[in-house]
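Asker: Below: one structure in structure tokens.
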């Protein structure tokens, strides 16, 4: 990784770490919650196109959850119109070794990767006007994202991270000092 520090990384293979707990317990719950939210939204619309798109997203998130739970290799992020960003993530995955799996990767990178992979699913569904590889839409300015094609509500985490005495980044509850 381009900006690696000299601080030891928290890896998901360390059974005594928060990283291991995250990949095995926390992330599957988060992905299940996303699937549940989208499934509920599907039931609240009569638009057949939105229902089909929602079902496709549920399928993709279910597949991601399965990959995480069963320690499958990290799959490349599909080009969703943010070609340079996707290429950087996929380059980092390739640099981790062949093939990096969910239960043996640096925690912070893999968590960011999971959250980056997640929004690519809605933008890469077939209901958009053109296939993902040829989409011409781009953000209006760097760091700006176009909204997904569904009206599914997104959950925002209120968690913050702080650095422990050893230098490791650890999540804190919203009421904890940072």
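Residue numbers (my numbering): 2 to 179. For glycine and all other residues, C-beta sits at the position ideal for the given N, C-alpha and C.
1) Within the continuous alpha helix (DSSP H) that includes residue 31, where are the two ends?
2) Given this structure, state the Cα-to-Cα distance separating residue 40 from residue 62, to the nearest angstrom.
3) So, helix, strand or coil for residue 111, using DSSP?
4) Is residue 12 helix, strand or coil when you go by DSSP?
5) Would you decide whether residue 60 is buried or exposed? Buried here means 16 or more other CB atoms lie within 10 Å of its CB.
6) Given this structure, state the Cα-to-Cα distance separating residue 169 from residue 44, to the nearest angstrom.
7) Give the straight-line distance between the Cα atoms of residue 8 and residue 38, rounded to the nearest whole angstrom.
8) Use the C-beta contact count for residue 34: other C-beta atoms within 10 angstroms, 16 or more gives buried, fewer gives exposed.
9) Using only the alpha-carbon positions, how far apart do residue 104 and residue 47 sit?
10) Starting from the C-beta of residue 17, find all residues in its chain whose C-beta is less than 6 Å away, skip the five residues before and the five after it, and write them out in chain order.
11) If we ignore side chains and look at the alpha-carbon of each, how far apart do residue 96 and residue 107 end up?
12) Do residue 94 and residue 75 have their C-beta atoms closer together than 8 Å?
Answerer: In terms of the structure at hand:
1) Per DSSP, residue 31 belongs to the alpha helix (DSSP H) from 28 to 44.
2) Going by the C-alpha atoms only, they are around 11 Å apart.
3) Correct three-state label for residue 111: helix.
4) Looking at residue 12 - three-state DSSP - the assignment turns out to be strand.
5) Around the Cβ of residue 60, a 10 Å sphere holds fewer than 16 other Cβ atoms; the residue is exposed.
6) Residue placement at residue 169 is poorly supported in this model, since its pLDDT is 48, which falls under 50; the coordinates still yield a value, given next. Looking at the two C-alpha atoms, the distance is approximately 43 Å.
7) In this structure, the CA atom of residue 8 is about 37 Å from the CA atom of residue 38.
8) When all chains shown are included, residue 34 counts as exposed.
9) Each residue's alpha carbon lies about 40 Å from the other.
10) Answer for residue 17: no residue qualifies.
11) In a straight line, the C-alpha of residue 96 is about 12 Å away from that of residue 107.
12) Contact flag set, yes.
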